[in-house]
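J.:
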């Protein structure tokens, strides 16, 4: 009887481990790489804008994300100082155009 009590929880642990592995595999299977890359680009765009102290709006996030894509930068390169300079220059230009219109 003691053996039965020990083996049942072990079997449940084995089953739960198999379920957790299959869930991880399902997440990788059901989330396309393009979606994950877009999420990472958006997150890095927010990080860059935050580092620069800019207001974070959906428009500015999308502009930053599109800039990184148009330059064919890897996702991790968005956090480099060179890209931060480009974003700052783009924001300065956008603000100067806004002032001229207003």
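Residue numbers (full-length UniProt numbering): 1 to 102. Beta carbons are placed, not taken as given, at the ideal position from N, Cα and C, and that holds for glycine.
Just to confirm, are residue 67 and residue 56 a CB contact at a threshold of 9 Å?
T.: No; because the gap between Cβ atoms is not below 9 Å, this pair is not in contact.
J.: According to DSSP, is residue 35 helix, strand or coil?
T.: The answer is helix: DSSP assigns residue 35 an H, G or I state.
J.: What distance in whole Å lies between the Cβ atoms of residue 61 and residue 42, which are believed to be in contact at a cut-off of 8 Å?
T.: Correct: roughly 6 Å between the Cβ atoms.
J.: Report, in whole angstroms, the separation of the C-beta atoms of residue 91 and residue 54, which I expect to be a contact under 8 Å.
T.: Rounded, the Cβ-Cβ distance is 6 Å, consistent with contact.
J.: Short of 6 Å in beta carbon distance, which residues of its chain neighbour residue 45, apart from the five on each side in sequence? Order them along the chain.
T.: Excluding positions up to five away in sequence, the list reads 61, 64, 65.
J.: Let me know the secondary structure DSSP gives residue 83 once reduced to three states.
T.: Helix at residue 83.
J.: In the DSSP assignment, find the unbroken alpha helix (DSSP H) run with residue 58 in it and report its ends.
T.: Start and end: 58 to 70.
J.: Which of helix, strand or coil does DSSP assign to residue 49?
T.: In the structure shown, residue 49 sits in a helix (DSSP, three-state: H, G or I).
J.: Below 8 Å on the Cβ atoms is my contact criterion, and I expect residue 97 with residue 83 to pass it. Report the Cβ-Cβ distance as a whole number of Å.
T.: About 21 Å separates the two Cβ atoms, so there is no contact after all.
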